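A.B. asks: Before anything else, here's the structure in question.
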Amino acid sequence: MVIGWIIAIIVLVVALAFFLYYNKFVRLGNQIDNSLAQIDVQLKKRADLVPNLLSAVKGYMKHEKGIIKEVTDARKALVGAKDMTGKIKAGNKLQTALKSIFAIAENYPNLKANENFLHLQQELSAIEDKVAYARQYFNDGIMEYNTSATTVPGMWFAGLYGFKKKDYLQIPAEARAVPKVSFD
Amino acid sequence: MEKQRLSFYSEIAKNKRDSVFLVVIVFAVLVLLGYVIGLAVGGEWLVLILIFSIVFSIFYVMISYYNSDKIAIASVGAKVADREKYRPYYHSVEGLCLASGLTMPKLYIMENPQINAFASGRNPEHAVVCVTTGALEKLDKRELEGVLAHELSHVANYDIRFMTLAAVLVGMVAIISQIFLRSLWFSGGRSRDNKNVVFIIIGIILAILAPVVVALVQLAISRKREYAADSSAVKFVRSPTGLIGALKKIKSNSEMKVSSAIAPLFLANPSRAKEFFQTHPPIEKRIERLEKM
Chain A
1 MVIGWIIAII VLVVALAFFL YYNKFVRLGN QIDNSLAQID VQLKKRADLV
51 PNLLSAVKGY MKHEKGIIKE VTDARKALVG AKDMTGKIKA GNKLQTALKS
101 IFAIAENYPN LKANENFLHL QQELSAIEDK VAYARQYFND GIMEYNTSAT
151 TVPGMWFAGL YGFKKKDYLQ IPAEARAVPK VSFD
Chain B
1001 MEKQRLSFYS EIAKNKRDSV FLVVIVFAVL VLLGYVIGLA VGGEWLVLIL
1051 IFSIVFSIFY VMISYYNSDK IAIASVGAKV ADREKYRPYY HSVEGLCLAS
1101 GLTMPKLYIM ENPQINAFAS GRNPEHAVVC VTTGALEKLD KRELEGVLAH
1151 ELSHVANYDI RFMTLAAVLV GMVAIISQIF LRSLWFSGGR SRDNKNVVFI
1201 IIGIILAILA PVVVALVQLA ISRKREYAAD SSAVKFVRSP TGLIGALKKI
1251 KSNSEMKVSS AIAPLFLANP SRAKEFFQTH PPIEKRIERL EKM
C-alpha cells in the first residue's frame, strides 16, 4: 500500500520535472531573443541620432570632410546591416567614428559650448553604456541557458527536447583593437 | 599574504541562503512558542490565538506592503524627478535596467544634503527609486551608478517582499506572546494541575524572550539582504569601484532624521547604533567585502 503511494509521488515529481524543464528552456530562450532585440534598439537609437549630430557639427567643422564622411558611411552600414553580427560590427565602426568626431570637436570651443551639441554628446555617450549593458545581459542569459542545458538534470531534458547550447556574442576583431582617432 | 577574492555570484547566493535560513529560525521559534502555549492553555485556545495573530499580522503588514512604493515616497516628501533636469540619473537607471532585465522604476528626488538613496515597491512593476539631492551633487558618475545598482538590486531580489514575510512572522510571535501574557493576567484565579503549570512557566519565559530574539533575527536578515544587494550591484555593473567610492563618501554623512519604518530601506543606515541593532552592516565591513570582488 505504502509502496503504491511512493511510486505515485515519484511519478508525479518526474512528470512535473518534464513540464518545468521544458518551460524553463523556452522561457530562457525567449529572454535571450528579447535581450538581442534590446541591443538592436540601442544601436538603432545611435543611428537615429547621427543625422542630428552631423547637422549640429557641419556648421562648425565644414572642412573636416574626412571624419564626416566616415561617420556617414558607418551609419549607412549600420542601417543596412542584415543580421545581428553585421549590426554589431557596424555599430562598433560607428562608435569609433563618433569617438573621432568628439575628439576633433575639442578644437572647436564654439561647438563645445553649443547646447544642442552637448545634449547629443551626452545622449550618445549614454547609448554607448547602454549597448554595453544590453550585451552583458544577453551574455548573462546565454550563460544561464547553457548552465541549465549542461548540468544535471537539465542536460537530460535538453537532449530530449532538442535544446542546444547557444553562443555568446562575439566581439568582432576590429573592436578589440584600440580605436584610432584621426586628427586630419 | 594573498587576499582571498570573492565572487559576486557566490556572495549573492550565500547571503540569500543565510537570510532564508534565518527566516526558518523565526518560523521555528513561532512553532515552538505555539506548541508550548498550546500545552499551557489547551488546543482550542491555541487555534483561536493563531488565527487571530495571523489575520492581525497579515492585515497590519499587508496594507503597508501593497502600497510600499507610495508610502515610502510620501513619508520622506520625495518628488518625481524631471527627466530633462536629471538626465544623467535617468540614463544611469536605464542602463542598469538593461543590465538586469528589470522594468524601469519611477524615479524620485529627495531634498537632503546627505548622500543616500532608497528603493521600494512590492515587485519590479511597482518599484520606485529615490536619491537625495546630496547624492546627485557629491557622487561622480560611477559612484552614483553603484548606488543605483544597489537600490535596483533590492528590487531585483524582491527584498521588500522578503522582509515583509519576515515581518509577518515576527509580528505573529509578538502578538501570540502578548495575548498569552495578557490572558494569564485575567485567568489567574483558576486552579491548574502541575503539568500545566510547568508549561505555563516555560510559556511565560518564551513569551518574554521570543519577541526580542526574533526582532534581533529580523535585523540580521535585513543585514544579509544588504550584503546580497551590494553583491548584486557588482553583478549589474561588473565592478565594485563605484559603490566602494560612494560608501567611503557616505561614511562622513552625519545622522539623518527619518522614521524608523523607512530607515531600513535606505542605502546606508541613517542612524548610529550598535551593529546588533542595525538594519545595515557596518560600512567598513561592506567596503571590505566589496574590495575583495
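Heads up: the sequence lines are chains A and B, in that order. Residue numbers for the first sequence follow our numbering, beginning at 1 and rising by one. Residue numbers for the second sequence follow our numbering, beginning at 1001 and rising by one. Glycine included, each C-beta is placed from N, C-alpha and C at the ideal position. Remember, predicted model here, so these are calculated numbers, not experimental data.
Which residues bound the beta strand (DSSP E) around T1132/B?
C.D. replies: Counted from its first residue, the second sequence places residue 1132/B at position 132. Where T1132/B is concerned, the enclosing beta strand (DSSP E) stretches over 1128-1132.
A.B. asks: Could you run through the region 130-143 of chain A and flag, in chain order, every residue whose CB is less than 7 Å away from some CB of chain B?
C.D. replies: Those would be K130, Y133, A134, Q136, Y137, in chain order.
A.B. asks: How would you call R1225/B, buried or exposed, if buried means at least 16 neighbouring beta carbons within 10 angstroms?
C.D. replies: The residue you call residue 1225/B lines up with position 225 of the second sequence. Buried, since its Cβ has 16 or more Cβ neighbours within 10 Å.
A.B. asks: Exposed or buried, what is V1242/B when buried is set at 16 or more other beta-carbons lying within 10 Å of its beta-carbon?
C.D. replies: Numbered from 1 along the second sequence, position 242 holds the residue referred to as residue 1242/B. According to the sequence as given, residue 1242/B is Gly; it is not Val. So G1242/B counts as buried.
A.B. asks: Return yes when the C-beta of E1226/B is under 7 Å from any heavy atom of the ligand NAP, and no when it is not.
C.D. replies: In the structure on display, the ligand NAP does not appear, and there are no ligands present to speak of.
A.B. asks: Within its chain, find whatever has a CB closer than 7 Å to the CB of A81/A; leave out the 5 residues flanking it on each side and keep chain order.
C.D. replies: Numbered from 1 along the first sequence, position 81 holds the residue referred to as residue 81/A. The residues are K87, A90.
A.B. asks: Name, going along the chain, the residues of the region 94-127 of chain A whose beta-carbon falls closer than 7 Å to a beta-carbon of chain B.
C.D. replies: Per Cβ criterion, the list reads Q122, A126.
A.B. asks: Under 8 Å, do N139/A and K166/A count as touching if we go by C-beta distance?
C.D. replies: Against the first sequence, residue 139/A aligns to sequence position 139. Against the first sequence, residue 166/A aligns to sequence position 166. Not a contact, by the Cβ cut-off of 8 Å.
A.B. asks: Quick one: measure Cβ to Cβ for Y133/A and G1095/B, integer angstroms, because I've assumed they're closer than 8 Å.
C.D. replies: Reading the first sequence from its first residue, position 133 is the one you call residue 133/A. Reading the second sequence from its first residue, position 95 is the one you call residue 1095/B. Right, the Cβ-Cβ distance comes to about 5 Å (below 8 Å), so this counts as a contact.
A.B. asks: Measure the Cβ-Cβ separation of L1290/B and V1237/B and say whether it is below 8 Å.
C.D. replies: The residue you call residue 1290/B lines up with position 290 of the second sequence. The residue you call residue 1237/B lines up with position 237 of the second sequence. Result no, Cβ atoms of L1290/B and V1237/B do not sit closer than 8 Å.
A.B. asks: Who are the neighbours of Q38/A on chain D, taking C-beta pairs under 8 Å?
C.D. replies: Absent from the structure: chain D. Protein chains present are A and B.
A.B. asks: To the nearest angstrom, how far is it from the Cα of G1189/B to the Cα of I1051/B?
C.D. replies: Position 189 of the second sequence, counting from 1, holds the residue named residue 1189/B. Position 51 of the second sequence, counting from 1, holds the residue named residue 1051/B. For G1189/B, the pLDDT reaches just 45, beneath the cut-off of 50, and the residue's location in the model is therefore unreliable, leaving the point undetermined.
A.B. asks: Take H1126/B and list the residues in its own chain whose beta-carbon comes closer than 6 Å to its own, dropping the five residues that flank it on each side.
C.D. replies: Counting from one through the second sequence, the residue named residue 1126/B turns up at place 126. Here the set comprises D1069.
A.B. asks: Identify, in the order they occur along the chain, each residue of the same chain with its Cβ nearer than 7 Å to the Cβ of G154/A, setting aside the five sequence neighbours on each side.
C.D. replies: Taking the first sequence and counting its residues from 1, the one referred to as residue 154/A is at position 154. Closer than 7 Å at the Cβ level, and outside the excluded window around G154/A, lie Y21, S148.
A.B. asks: Under a three-way DSSP split, which group does A81/A fall into?
C.D. replies: Your numbering for residue 81/A matches position 81 in the first sequence. It is coil, neither helix nor strand.
A.B. asks: Cβ closer than 7 Å: which chain A residues qualify as neighbours of H1150/B?
C.D. replies: Taking the second sequence and counting its residues from 1, one reaches residue 1150/B at position 150. In chain order: nothing, as chain A lies at least about 16 Å away.
A.B. asks: Tell me whether A1081/B sits in a helix, a strand or coil according to DSSP, three-state version.
C.D. replies: Reading the second sequence from its first residue, position 81 is the one you call residue 1081/B. Looking at A1081/B - three-state DSSP - the assignment turns out to be coil, as it is neither helix nor strand.
A.B. asks: Of all the CB atoms in chain A, is at least one closer than 8 Å to the CB of H1091/B?
C.D. replies: Here residue 1091/B refers to the residue found at position 91 of the second sequence. Taking Cβ atoms only, chain A reaches closer than 8 Å to H1091/B, which makes this a yes.
A.B. asks: What's the C-alpha gap between A59/A and Q95/A?
C.D. replies: To locate residue 59/A, count along the first sequence from 1; it is residue 59. To locate residue 95/A, count along the first sequence from 1; it is residue 95. Rather than Ala, the amino acid found at residue 59/A in this sequence is Gly. Each residue's Cα considered, the two are about 22 Å apart.
A.B. asks: By alpha-carbon positions, which one of Q1218/B, M1163/B, I1179/B ends up nearest to Y1066/B?
C.D. replies: As a first step, residue 1066/B must be located in the second sequence, where it is residue number 66. Ranking the options by Cα distance to Y1066/B, first place goes to M1163/B.
A.B. asks: Closest to L1107/B by C-alpha separation, out of N1123/B, N1196/B, E1084/B, V1131/B, would be which residue?
C.D. replies: Sequence index remark: in the second sequence, residue 1107/B carries index 107 (1-based). Taking only the C-alpha atoms, the option nearest L1107/B is V1131/B.
A.B. asks: Buried or exposed: G159/A, going by 16 or more other Cβ atoms within 10 Å of its Cβ?
C.D. replies: What you label residue 159/A is simply residue 159 of the first sequence in a count that begins at 1. Exposed, since its Cβ has fewer than 16 Cβ neighbours within 10 Å.
A.B. asks: So with Cβ pairs under 8 Å, would you call G1245/B a contact of chain A?
C.D. replies: Here residue 1245/B refers to the residue found at position 245 when the second sequence is read from its first residue. Not closer than 8 Å to any Cβ of chain A, the Cβ of G1245/B fails to qualify, so no.
A.B. asks: Count Cβ pairs between the region 1137-1154 of chain B and the region 1021-1036 of chain B that sit closer than 8 Å; are there 3 or more?
C.D. replies: These segments do not touch.
A.B. asks: Apply the 10 Å Cβ neighbour rule to P51/A and answer buried if 16 or more other Cβ atoms are within range, or exposed otherwise.
C.D. replies: As a position in the first sequence, residue 51/A is number 51, starting the count at 1. Burial call: exposed.
A.B. asks: Tell me L1107/B's beta-bridge partners as DSSP assigns them.
C.D. replies: For the purposes of this step, residue 1107/B is taken as the residue at position 107 of the second sequence. BP columns for L1107/B point to V1129/B.
A.B. asks: Among the candidates V26/A, L49/A, F18/A, whose CA atom is the shortest distance from the CA of E128/A?
C.D. replies: Working through the first sequence from its first residue, we reach residue 128/A at position 128. Ranking the options by Cα distance to E128/A, first place goes to L49/A.
A.B. asks: I'd like to check one pair, L1102/B with V1155/B: are the Cβ atoms closer than 8 Å?
C.D. replies: Looking up residue 1155/B in the second sequence gives position 155. Looking up residue 1102/B in the second sequence gives position 102. Taking 8 Å as the Cβ cut-off, V1155/B and L1102/B qualify as a contacting pair.
A.B. asks: Can you tell me whether S1252/B is helix, strand or coil according to DSSP?
C.D. replies: Position 252 of the second sequence, counted from the start, is the residue given in the question as residue 1252/B. The answer is coil: DSSP assigns S1252/B none of H, G, I, E or B.
A.B. asks: In chain order, what residues of the same chain lie with their CB nearer than 8 Å to the CB of T1309/B, ignoring the 5 residues before and after it?
C.D. replies: With chain B covering only 1001 through 1293, there is no way to say anything about residue 1309/B.
A.B. asks: Would you check if the distance between the CB atom of V1029/B and the CB atom of V1212/B is smaller than 8 Å?
C.D. replies: Indexing the second sequence from 1 puts residue 1029/B at position 29. Indexing the second sequence from 1 puts residue 1212/B at position 212. No, they are not a contact pair.
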